[in-house]
Amino acid sequence: MYKTHPEIIVEPIYSGGYPETLQRALTASKAGNPPDVALLTAADVWTAADENIILSLEAFIEAEGGDAFLEPYFQAFLEDCDVAGEMFAIPFQKSTPIFYYNKDMFREAGLDPDKPPSTWTELKDIASKLVIKSGDETERWGVEIPIDQWLLSAFIMQNGGVVNNEEGNETYLNSPEAVEALEFMRSLVAEGLTPARRLFGDSSADFVAGTTAMMYNSTGSLTFVRDSATFDWGVAFLPMNVVRAVPTGGGQLVIMSGIPEERQKAAWEFIKWMTLPEQAAKWSMLTGYVAVREDAFDVPAMKEYVEGFPFALKAREQLQYVPAGEPPATHAARQIARFMTDALEGAIAGIISPENALNAAQEEAERVLRPYR
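The opening position of the sequence shown corresponds to residue 1 in this note's numbering, with each subsequent residue numbered one higher.
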C-alpha cells in the first residue's frame, strides 16, 4: 500500500482468533483507544454495531457510487456486512464450508473416486463403507464434522430450515427442520461413522494423516490440505437433503468509531485497497479463502492459479447455494452461536436428546433477544 498511499502507515496487530479480536476491540474502544480497522465475523459485526464501536459505512459507500461500488463483490458475502439493512463492513477474508474426500480410500473401498456423496443418504452409506474398526477401536473414521454452530446451521438450512429472521431478533433453533438435522448428525456418531468431538484443526490434521476418509471443513483449509496431503483427494459441494444450501463464513473489515475523521478516511482507503481485485486474488491464493469479488478471478495470476488448482473454484461455485449470510445473523449473535454449539455438543455426545438440546437453546435465545423486539 505504501506505493499508492505513502501518506498512510499501517501497523498490523495480531489479536488472536475472531472471539479474541472482538473482545480486544470492545475493550480498547471502551478505554478510548480503539484501533482504526478490525476484522470481525458477521456475528461480531452485529455485536459491534449494537455496542456502537463501529461506524456505518453507508456514507463512504455512497460517496464511491453506492450500488455500483458494491456490484463486483459477491452478494452472498455482502449479506454478512448488513446489520438490519445498514452496511457496517466490507468482506475480506471469506469462506464457505466444503466437502473434502480421499480419492485413494474411495478406490480401495470399491467406490467411484469421482462421485463423492451428494445427499445425506449417500453420505451415510459411503461413510459406512470407508470406516475401519479394530475391535472397539476406530482406526479410520468415515467422515468428520467439526463441532461448530456453523456446520449445524448448514445442516439446518439443507433440511429446509432457517436459523433467524432478517431483523435479527428471532431465532428458530427448535424448528422441526432443525431438530431433524441435529438428529441426523447425532445418528452419524451413534452408528460409529464420525467421532463425537473434533474441531476444524483436528479434522484437517486427521484428513491429511489418513485417519478420516472424508471431512467437512472450511475453504480456508484448502492450502493446508494441498501442501500436506500425500494422496489423491478432491473437494465437492456439501451433501444436501431437502435443498442444497451452504452458509458463508470468515471475516469482514470494519472501521472503528471514536477515531478522528482523518483516520476514518485513511481506514476507508485501506479497506478499499485491501479488497481491490489484485489484493483479493493474492489473499485467496495465499490462504485458500474465497476471493470476495468476481473481478478478482480476472486477474492473470488468479487465472493461472485456478487452472493449476481448480479446487479453488469450488467455493465460488457453491455461492449460488447460499440462502442467507452466515448464521446466526442476530443481535447478541455471539451468545446465540454459543447456545447452538452447546446444543450440538450435548446432543452429539448423547448427553441430551436433539429436541431437548435445541429447546433449551431456543429458550436462551428468546431470553437474550427479547430486548431487541
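Every residue, glycine too, gets a C-beta built ideally from N, C-alpha and C.
Cβ pair residue i, residue j closer than 8 Å
| i | j | result |
| --- | --- | --- |
| residue 96 | residue 290 | yes |
| residue 246 | residue 238 | yes |
| residue 188 | residue 143 | yes |
| residue 47 | residue 332 | yes |
| residue 319 | residue 149 | no |
| residue 45 | residue 88 | yes |
| residue 240 | residue 119 | yes |
| residue 67 | residue 263 | no |
| residue 347 | residue 353 | yes |
| residue 194 | residue 156 | no |
| residue 222 | residue 288 | yes |
| residue 255 | residue 55 | yes |
| residue 90 | residue 252 | yes |
| residue 4 | residue 268 | no |
| residue 315 | residue 302 | no |
| residue 181 | residue 164 | no |
| residue 386 | residue 107 | Because the chain here runs from 1 to 373, residue 386 falls outside it and cannot be looked at. |
| residue 76 | residue 322 | yes |
| residue 259 | residue 34 | yes |
| residue 161 | residue 183 | no |
| residue 78 | residue 51 | no |
Outcome for residue i when other beta-carbon atoms lying within 10 angstroms are tallied against a minimum of 16
| i | result |
| --- | --- |
| residue 9 | exposed |
| residue 153 | buried |
| residue 328 | buried |
| residue 243 | exposed |
| residue 59 | exposed |
| residue 367 | exposed |
| residue 284 | buried |
| residue 201 | exposed |
| residue 147 | buried |
| residue 121 | exposed |
| residue 57 | buried |
| residue 49 | buried |
| residue 364 | buried |
| residue 151 | buried |
| residue 271 | buried |
| residue 317 | exposed |
| residue 249 | buried |
| residue 308 | exposed |
| residue 123 | buried |
| residue 336 | buried |
| residue 31 | exposed |
Start-to-end residues for the alpha helix (DSSP H) that takes in residue i
| i | result |
| --- | --- |
| residue 210 | From DSSP, residue 210 is part of no alpha helix (DSSP H); its letter is neither H nor E. |
| residue 124 | 120 to 130 |
| residue 306 | 300 to 308 |
| residue 369 | 354 to 369 |
| residue 70 | 67 to 70 |
| residue 346 | 333 to 348 |
| residue 286 | 277 to 287 |
| residue 61 | 58 to 63 |
| residue 297 | First-last for residue 297: undefined, no H or E at that position. |
| residue 106 | 103 to 108 |
| residue 328 | Taken as a continuous stretch (DSSP letters only), residue 328 belongs to no alpha helix (DSSP H), as it is neither H nor E. |
| residue 265 | 261 to 274 |
| residue 314 | 314 to 318 |
| residue 245 | It is not in any alpha helix (DSSP H) - residue 245 carries neither H nor E in the DSSP assignment. |
| residue 223 | 222 to 228 |
| residue 157 | 149 to 158 |
| residue 77 | 75 to 78 |
| residue 180 | 176 to 190 |
Terminal residues of the beta strand (DSSP E) in which residue i lies
| i | result |
| --- | --- |
| residue 94 | 90 to 95 |
| residue 234 | 233 to 236 |
| residue 138 | 137 to 140 |
| residue 41 | 37 to 41 |
| residue 23 | Unbroken run through residue 23 is the alpha helix (DSSP H), 18 to 30; no beta strand (DSSP E). |
| residue 252 | 249 to 255 |
CB-CB length for residue i against residue j, believed under 8 Å
| i | j | result |
| --- | --- | --- |
| residue 104 | residue 232 | 5 Å |
| residue 330 | residue 210 | Between residue 210 and residue 330 the Cβ distance is about 39 Å, and since that is not below 8 Å, they are no contact. |
| residue 72 | residue 294 | 6 Å |
| residue 179 | residue 64 | So it is not a contact: roughly 45 Å between Cβ atoms. |
| residue 13 | residue 29 | That belief does not hold up - the Cβ atoms of residue 13 and residue 29 are roughly 14 Å apart, past 8 Å. |
| residue 92 | residue 275 | 6 Å |
| residue 61 | residue 74 | So it is not a contact: roughly 16 Å between Cβ atoms. |
| residue 310 | residue 296 | About 16 Å separates the two Cβ atoms, so there is no contact after all. |
| residue 373 | residue 43 | In fact, because the Cβ distance is near 19 Å, the residues do not count as touching under 8 Å. |
Would you be able to state if there are at least three C-beta pairs under 8 Å between the segment 215 to 226 and the segment 82 to 100? Inter-segment contact for the segment 82 to 100 and the segment 215 to 226 is present: three or more beta-carbon pairs are separated by less than 8 Å.
So does the segment 340 to 348 actually touch the segment 79 to 98, counting three or more Cβ pairs closer than 8 Å? Taking 8 Å as the limit for Cβ pairs, the verdict is that the segment 79 to 98 does not touch the segment 340 to 348.
Does the segment 169 to 177 touch the segment 111 to 123, meaning 3 or more C-beta pairs lie closer than 8 Å? The answer is no - the segment 169 to 177 does not touch the segment 111 to 123, with fewer than three Cβ pairs under 8 Å.
Evaluate the contact criterion for the segment 178 to 195 versus the segment 124 to 135: three or more CB pairs, one atom per stretch, below 8 Å. The segment 178 to 195 is in contact with the segment 124 to 135.
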